[in-house]
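This report refers to the structure that appears directly beneath it.
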Amino acid sequence: QVTEVPIGDIRMRFRLRTPKDEKIAEIASSIKQLGLMNPITITSDNYLIAGFHRLHACKMLEHETIPAIVKDTSKVYGELMEIDENLKRNELNHIEIAEHMVRREELLETLGIRMKKGGQSIYGGKYGHHKRTGRRGWTI
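Structure, rendered in structure tokens:
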């Protein structure tokens, strides 16, 4: 069950994974444009299990609350869940990233949110390509 939780009430334990500011900014941009697609997960005493970057993206956007799944679990089991969440992540390889980025740009263009070919993409410099050649660099 998903419930709205005040962001200020969410607590964190020591984190093994280093947060990435650029990823938080990207997620904030996505949340601003499309809304939060997946709730965070917290324990019944409001310790974060999953969703650190989403939580901080919502803080960046000055949201007062965030949708959360509340798990009634012990401290040890909650920490184990957090570690397992990070270990079992399914990261995309470079080809999958390129395919996703190209398709996303196509969909944004269809919605009128992006310029047609020839315009500058937001991804160019971010992924090792010059802004003017970024799109060509994604051809698969």
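Per our numbering, the sequence shown starts with residue 1, numbered consecutively.
The beta carbon of each residue, even a glycine, is placed where N, CA and C say it ideally should be.
Original post:
Between which two residues does the beta strand (DSSP E) containing residue 88 stretch?
Top reply: Per DSSP, residue 88 lies in no beta strand (DSSP E) and is assigned neither H nor E.
Original post:
Ends of the beta strand (DSSP E) at residue 40?
Top reply: Here the beta strand (DSSP E) through residue 40 covers 40 to 43.
Subject >> Outcome for residue 3 when other beta-carbon atoms lying within 10 angstroms are tallied against a minimum of 16 >> reply: An exposed status is given to residue 3, since fewer than 16 other beta-carbon atoms sit within 10 Å of its beta-carbon.
Original post:
Contact check, residue 66 vs residue 5 under 8 Å by CB: the rounded distance?
Top reply: Separation of the CB atoms of residue 66 and residue 5 is rounded to 6 Å, and the pair is thereby assigned contact status at 8 Å.
Subject >> As assigned by DSSP and simplified to three states, the class of residue 62 >> reply: Note: residue 62 maps to coil in three-state DSSP.
**OP:** Determine the direct distance from the alpha carbon of residue 7 to that of residue 111, and round the result to whole angstroms.
**Re:** C-alpha separation (whole angstroms): 32 Å.
Original post:
Buried or exposed: which applies to residue 43, given that a residue is buried once 16 or more other Cβ atoms fall within 10 Å of its Cβ?
Top reply: Residue 43 is buried by the Cβ-count criterion.
**OP:** Compute the Euclidean distance between the alpha carbons of residue 59 and residue 95, then round it to the nearest angstrom.
**Re:** Each residue's Cα considered, the two are about 32 Å apart.
Original post:
residue 57: which of 32, 46 and 10 sits nearest, CA to CA?
Top reply: Looking at the Cα atoms, 32 is the closest of the given residues.
Original post:
Residue range of the alpha helix (DSSP H) that residue 110 falls in?
Top reply: Here the alpha helix (DSSP H) through residue 110 covers 94 to 110.
Original post:
Are the beta-carbon atoms belonging to residue 28 and residue 85 less than 7 Å from one another?
Top reply: Result no, Cβ atoms of residue 28 and residue 85 do not sit closer than 7 Å.
Original post:
Whole-angstrom Cβ separation of residue 100 and residue 92, contact assumed at under 8 Å?
Top reply: Their Cβ separation, rounded to whole angstroms, is 7 Å, which keeps residue 100 and residue 92 in contact under 8 Å.
Original post:
For residue 53 versus residue 23, is the C-beta distance shorter than 7 Å?
Top reply: Contact: yes.
**OP:** Drop a sphere of 10 angstroms on the beta-carbon of residue 121, count the other beta-carbons inside from all chains shown, and report buried for 16 or more, exposed for fewer.
**Re:** At residue 121, the pLDDT of 48 sits below 50, so the modelled position is not reliable; the number obtained from the coordinates is stated separately. Buried, by the Cβ-count rule.
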